[in-house]
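Chemist: I have a structure here, written as structure tokens, and I will follow up with some questions on it.
Number of protein chains: 2
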Amino acid sequence: MPKRRGGAATGASAEDGSAASSGKAPRTDRGRRTLRAILDAAAIEFGEKGFHEGSISGITRRAGVALGSFYTYFDSKDAVFRALVRDMSGQVRDHVAPALRAADHQIAAERAGLEQFIAFVRQHKEIYRIIDEAEFVDPESFRQHYATTAERIRTRLAAASQRGELREGLSEVHAWAIMGMNVFLGLRYGVWQEDKTPEAIADTVAEMLKDGLARR
Amino acid sequence: MPKRRGGAATGASAEDGSAASSGKAPRTDRGRRTLRAILDAAAIEFGEKGFHEGSISGITRRAGVALGSFYTYFDSKDAVFRALVRDMSGQVRDHVAPALRAADHQIAAERAGLEQFIAFVRQHKEIYRIIDEAEFVDPESFRQHYATTAERIRTRLAAASQRGELREGLSEVHAWAIMGMNVFLGLRYGVWQEDKTPEAIADTVAEMLKDGLARR
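Protein chains in written order, with numbering that gives the first Met the number 0: chain Z, 0 to 215; chain D, 0 to 215.
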């Protein structure tokens, strides 16, 4: 049965091992666990030190793997950074997807997606520094992250229009607007200061998305 | 007479010369023109090369001023970068303010502000690279730029609620949501690709801000 909402798989899962450099995908569960450990360690290394100060040896030390294991899966520091951006993009998508699917109306879905996103950011504050640094270190990854995220939002808005939950004529502009809102709310209330609950923020935004801001 | 909408001056104007390092503010019109030329040249230098590759000599060459003139106004490359972020923040504010003030309803004001912002970005695409790089080069400037922009939006939303144009209860969350929308729409349709007019984008967003997205 096709999933009703937000269920379209777009690109590789964060868990399928395709993050490795070309020809280096792990073939065993153990290999996939090692790859996962390297990516998680890379998130901490680059999140703390940034790309230029971060090092492969810092990553392998944090991951508790030998330097040779790193090169089993990745060609270079650039390659693991590129893989990390794609992996984090996938992790956000996978973390938010169940809440999007479970909602019974697209406004509720957007609400739940934002709530889950802010909660995720609080547990993974490094995601901002890493994706933002991609603009300079690997512009193509940066672009890819936002282009695919916006396209995913556009697709789910169009489907909700078709189901009659949202009005007609929703476009890429709406998708970019919603993505921008979510990214900045995640920065402010996820990374900078946790002075409001994700629930309260999501409620506020859902009300705005539902009825707008004009006085009635 | 107090201005009706969006007229609150917040911080220094982009044109008052206060961009110079402490104790180095120009005292003559000629000095202010030189300072302006240095800031404009710095925008091009850092916009093209980034902070690390950009140089003071590159800035003075582009500005057509002597190296000594640079040090008349700035202490260092860090100082001119910091001043540039603040100056660009002020330029955006000053460019958008007249459109905000001229509108006869806050939805129309937000619409006009976004239209002007996208048009401004198309003429100053380097603003994204510079402000985004500030996150790494000078985090305090980065934070300051978004915190003051959000506060300015929050203030104008609250005033519009009071005038009865927008509903009550608008908060910092709404301000960050609107700022995020605008920043990402500027990135997509100002920097990446100019495949929609600023007018059309602003119309779409104004409709969303006015009535929301739910089917009626």
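Ideal Cβ positions, reconstructed from N, Cα and C, are used throughout, including at glycine. Since we're looking at a predicted model, the values are computed, not measured.
Would you say Z:E164 faces chain D, with C-beta separation under 8 Å as the test?
Modeler: In the first sequence, the residue the question calls residue 164 of chain Z occupies position 165. True, the Cβ-Cβ gap to chain D drops below 8 Å.
Chemist: Would you say Z:K209 faces chain D, with C-beta separation under 8 Å as the test?
Modeler: Sequence index remark: in the first sequence, residue 209 of chain Z carries index 210 (1-based). Yes, its Cβ sits closer than 8 Å to a Cβ of chain D.
Chemist: Secondary structure at D:E198, three-state DSSP: helix, strand or coil?
Modeler: Stepping through the second sequence from its first residue, residue 198 of chain D is reached at position 199. Note: D:E198 maps to helix in three-state DSSP.
Chemist: Return yes when at least one heavy atom of the ligand FMN lies under 7 Å from the C-beta of Z:G46, else no.
Modeler: The ligand FMN is absent from the structure shown, which contains no ligand whatsoever.
Chemist: Would you mind sorting Z:P25 into buried or exposed? The rule is 16 or more other CB atoms within 10 Å of its CB.
Modeler: On the first sequence, position 26 is the one that residue 25 of chain Z refers to. So Z:P25 ends up on the buried side.
Chemist: Give every residue of the same chain whose Cβ lies closer than 6 Å to the Cβ of D:A40, excluding the five residues on either side of it in the sequence, and list them in chain order.
Modeler: Here the question's residue 40 of chain D lines up with position 41 in the second sequence. So the list reads I58, R61 and A62, once near-sequence residues are dropped.
Chemist: Per the DSSP calculation, Z:L225 is bridged to which residue(s)?
Modeler: Beyond the ends of chain Z as shown, which are 0 and 215, falls residue 225 of chain Z; an answer cannot be given.
Chemist: Looking at chain D, which residues of the stretch 80 to 110 of chain Z have a Cβ within less than 9 Å of any of its Cβ atoms?
Modeler: Here the close residues are H104, Q105, I106 and E109.
Chemist: Taking D:D137 and D:R81 to be in contact with their CB atoms under 8 Å, please state how far apart those CB atoms are, rounded to whole angstroms.
Modeler: Residue mapping note: residue 137 of chain D aligns to position 138 of the second sequence, counting from 1. Residue mapping note: residue 81 of chain D aligns to position 82 of the second sequence, counting from 1. The Cβ separation is near 5 Å, so the contact holds.
Chemist: If we cut at 8 Å on Cβ distances, does Z:A42 have a partner in chain D?
Modeler: The residue given as residue 42 of chain Z occupies position 43 in the first sequence. Not closer than 8 Å to any Cβ of chain D, the Cβ of Z:A42 fails to qualify, so no.
Chemist: Is D:R26 helix, strand or coil by DSSP?
Modeler: Against the second sequence, residue 26 of chain D aligns to sequence position 27. Residue state, collapsed to three classes: coil.
Chemist: Is there contact between the stretch 166 to 183 of chain D and the stretch 175 to 188 of chain Z, where contact requires at least three CB pairs shorter than 8 Å?
Modeler: With a cut-off of 8 Å, the stretch 175 to 188 of chain Z and the stretch 166 to 183 of chain D count as touching, because enough Cβ pairs lie within range.
Chemist: Using only the alpha-carbon positions, how far apart do D:R155 and D:K195 sit?
Modeler: Locating residue 155 of chain D in the second sequence gives position 156, counting from the first residue. Locating residue 195 of chain D in the second sequence gives position 196, counting from the first residue. For D:R155 and D:K195, the distance between alpha carbons rounds to 27 Å.
Chemist: Less than 6 Å between C-beta atoms, sequence neighbours within five positions excluded: which residues of the same chain meet that for D:Q105?
Modeler: The residue given as residue 105 of chain D occupies position 106 in the second sequence. These residues qualify, in order along the chain: A159, E164 and L165.
Chemist: Could you check where the alpha helix (DSSP H) with D:Y127 kicks off and where it finishes?
Modeler: Here residue 127 of chain D is taken as the residue at index 128 of the second sequence, counted from 1. Element bounds for D:Y127: E125 to V136.
Chemist: Taking C-beta to C-beta, are Z:G168 and D:K209 nearer than 8 Å?
Modeler: Position 169 of the first sequence, counted from the start, is the residue given in the question as residue 168 of chain Z. Position 210 of the second sequence, counted from the start, is the residue given in the question as residue 209 of chain D. Not a contact, by the Cβ cut-off of 8 Å.
Chemist: Taking only beta-carbon positions, decide if Z:H144 is within less than 8 Å of chain D.
Modeler: Residue 144 of chain Z sits at position 145 when you count from the first residue of the first sequence. No, Z:H144 does not count as interfacial toward chain D.
Chemist: At the 8 Å Cβ level, is D:R179 part of the contact set with chain Z, yes or no?
Modeler: Here the question's residue 179 of chain D lines up with position 180 in the second sequence. Here residue 179 of chain D turns out to be Gly, not Arg, going by the sequence shown. Chain Z contact via Cβ: present.
Chemist: Assuming D:S68 is part of the alpha helix (DSSP H), what are its boundary residues?
Modeler: As a working mapping, residue 68 of chain D is identified with position 69 in the second sequence. L66 to Y72 is the span of the alpha helix (DSSP H), which, as asked, contains D:S68.
Chemist: Give the DSSP-derived three-state secondary structure of Z:A18 in the structure shown.
Modeler: Indexing the first sequence from 1 puts residue 18 of chain Z at position 19. Residue state, collapsed to three classes: coil.
Chemist: Does the stretch 34 to 54 of chain D come into contact with the stretch 74 to 93 of chain D, if we say contact requires no fewer than three beta-carbon pairs (one atom in each stretch) closer than 8 Å?
Modeler: These segments touch.
Chemist: Write down the C-beta distance between D:T71 and D:K124 rounded to the nearest angstrom, noting that I regard them as a contact closer than 8 Å.
Modeler: Within the second sequence, the letter at position 72 stands for residue 71 of chain D. Within the second sequence, the letter at position 125 stands for residue 124 of chain D. Not really, about 29 Å apart at Cβ, beyond 8 Å.
Chemist: Using a Cβ-Cβ cut-off of 8 Å, state whether D:H173 counts as contacting chain Z.
Modeler: Position 174 of the second sequence holds residue 173 of chain D. Yes, its Cβ sits closer than 8 Å to a Cβ of chain Z.
Chemist: Nearest to D:G189 by alpha carbon, out of D:A111, D:L38, D:V95 and D:Y127?
Modeler: The residue labelled residue 189 of chain D in the question sits at position 190 within the second sequence. It is D:Y127.
Chemist: If you follow the alpha helix (DSSP H) that D:V84 is part of, which residue opens it and which one closes it?
Modeler: Position 85 of the second sequence, counting from 1, holds the residue named residue 84 of chain D. Unbroken alpha helix (DSSP H) run through D:V84: K76 to A101.
Chemist: Let me know the secondary structure DSSP gives Z:G185 once reduced to three states.
Modeler: Start at 1 with the first residue of the first sequence, and residue 185 of chain Z comes out as number 186. Helix, per DSSP.
Chemist: Looking at the unbroken alpha helix (DSSP H) that takes in D:V229, where does it start and where does it end?
Modeler: Residue 229 of chain D falls outside the range modelled here, since chain D spans only 0 to 215, and no answer is possible.
Chemist: Would you decide whether D:E134 is buried or exposed? Buried here means 16 or more other CB atoms lie within 10 Å of its CB.
Modeler: Taking the second sequence and counting its residues from 1, the one referred to as residue 134 of chain D is at position 135. Result: buried.
Chemist: Quick check on Z:E44: buried or exposed, where buried means 16 or more other Cβ atoms within 10 Å of its Cβ?
Modeler: On the first sequence, residue 44 of chain Z is found 45 positions in, with the first residue counted as 1. Buried: at least 16 other Cβ atoms inside 10 Å.
Chemist: Looking at D:A201: is its Cβ nearer than 8 Å to the Cβ of D:E114?
Modeler: Counting from 1 along the second sequence, the entry for residue 201 of chain D is found at position 202. Counting from 1 along the second sequence, the entry for residue 114 of chain D is found at position 115. In contact: D:A201 and D:E114 (Cβ atoms closer than 8 Å).
Chemist: Would you please verify whether the beta carbon of D:E132 is less than 8 Å from any beta carbon of chain Z?
Modeler: Locating residue 132 of chain D in the second sequence gives position 133, counting from the first residue. With 8 Å as the cut-off, D:E132 counts as an interface residue toward chain Z.
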